[in-house]
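Below is one structure; the comments refer to it alone.
Numbering (my numbering), first residue to last: 53 to 329.
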């Protein structure tokens, strides 16, 4: 029998053992045999097996690398090592282009913007639901880090999925809006976007200070979008840019941090750079 790779052993057994092919008893029950294109067992199983050409290791590795590069292994892009990846073949987002999804599609799909992006599932083929779900999925770097170090991967999922399945809707993170709309429109589905987000309360504040050249470029780029991420080095002045954005939007803002020290820093910076009109 095969012993599948596993990190734990169930109590009272060895786990999901896989029977080796060509055993007599399974063969009498029609199991563990090689089939032809018509799904009929070959008359001489050993003769068929002896005529198969063995693949060289380099061929197998090439097929695996290409499948990973295309995202065909588990349909979520794998982050390959620098030696194996061709960076010039990647799309700007680092994602592969989705293959066309077969099936009948509705003429229009209703999409609601709230705390998430809610997509009505009625009439959408299950294959398209899976494609939309994969937009909010990514490979877990902690899993591959542990795997590369030959450590246990128990409790570390290979893929992290951020989609939520509701009875009538599929919920995606708000940052997946553009990709979800593009995927639906690529299949000739009109998307009706309904904005149900909380608009906030207007506040009368102004920015007291001056942004550096790099800060100004970042702030103006963020202003053009409803959602975004500002990724910058330490001491760039991300809090200052946020204060400028609050003054530009003039709406009450929720700031979430994970340490009290950061909370005190935000309070200090906002008091310094924002003033009521």
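Backbone N, C-alpha and C fix where the C-beta goes; we use that ideal spot for every residue, glycine too.
Bear in mind the structure is a predicted one, so any value in this text is a computation, not a measurement.
Between residue i and residue j, is the Cβ-Cβ spacing less than 8 angstroms?
{"i": "residue 188", "j": "residue 154", "result": "no"}
{"i": "residue 296", "j": "residue 271", "result": "yes"}
{"i": "residue 195", "j": "residue 205", "result": "yes"}
{"i": "residue 326", "j": "residue 257", "result": "yes"}
{"i": "residue 292", "j": "residue 160", "result": "no"}
{"i": "residue 163", "j": "residue 244", "result": "yes"}
{"i": "residue 289", "j": "residue 267", "result": "yes"}
{"i": "residue 74", "j": "residue 84", "result": "yes"}
{"i": "residue 87", "j": "residue 78", "result": "no"}
Is any non-hydrogen atom of the ligand ATP found closer than 7 angstroms to the C-beta of residue i, if you look at the structure I gave you?
{"i": "residue 289", "result": "Here there are no bound small molecules, and the ligand ATP is not part of this structure."}
I think residue i touches residue j, with their Cβ atoms under 8 angstroms apart; what is that distance to the nearest whole Å?
{"i": "residue 259", "j": "residue 299", "result": "4 angstroms"}
{"i": "residue 165", "j": "residue 229", "result": "7 angstroms"}
{"i": "residue 176", "j": "residue 157", "result": "7 angstroms"}
{"i": "residue 232", "j": "residue 171", "result": "6 angstroms"}
{"i": "residue 239", "j": "residue 173", "result": "About 15 angstroms; that fails the 8 angstroms criterion."}
{"i": "residue 223", "j": "residue 216", "result": "4 angstroms"}
Give the single residue among the options whose Cα lies nearest to the Cα of residue i.
{"i": "residue 126", "options": "98, 100, 291 and 213", "result": "213"}
{"i": "residue 278", "options": "267, 240 and 167", "result": "167"}
{"i": "residue 311", "options": "319, 304 and 73", "result": "319"}
{"i": "residue 211", "options": "191, 219 and 328", "result": "191"}
{"i": "residue 302", "options": "287, 316, 227 and 328", "result": "328"}
{"i": "residue 264", "options": "287, 111 and 117", "result": "287"}
{"i": "residue 247", "options": "118, 96 and 169", "result": "169"}
{"i": "residue 255", "options": "152, 261, 283 and 305", "result": "305"}
{"i": "residue 273", "options": "101, 262, 294 and 261", "result": "294"}
{"i": "residue 237", "options": "152, 63 and 97", "result": "152"}
{"i": "residue 183", "options": "200, 317 and 128", "result": "128"}
Bridge partners for residue i per DSSP, in chain order?
{"i": "residue 221", "result": "172"}
{"i": "residue 259", "result": "326"}
{"i": "residue 242", "result": "160"}
{"i": "residue 230", "result": "For residue 230, which the question treats as bridged, DSSP gives no partner whatsoever."}
{"i": "residue 152", "result": "Per DSSP, none; premise fails for residue 152."}
{"i": "residue 251", "result": "Answer is none; residue 251 lacks a bridge partner."}
Within 8 angstroms of any Cβ in chain C, is that where the Cβ of residue i sits?
{"i": "residue 255", "result": "This model lacks chain C altogether, as it is built from one protein chain only."}
Practice task
Quick one: which unbroken alpha helix (DSSP H) runs of 4-plus residues sit fully inside the stretch 162 to 218? Chain order, please.
Solution key: 178 to 187 and 193 to 200
Handout entry: Complete runs of the alpha helix (DSSP H) confined to the stretch 78 to 105 [at least 4 residues]
Key = 97 to 102
Exercise for the section: Go through the stretch 273 to 312 residue by residue and report every complete run of the alpha helix (DSSP H) that reaches 4 residues or more, in order. Expected result: 290 to 301
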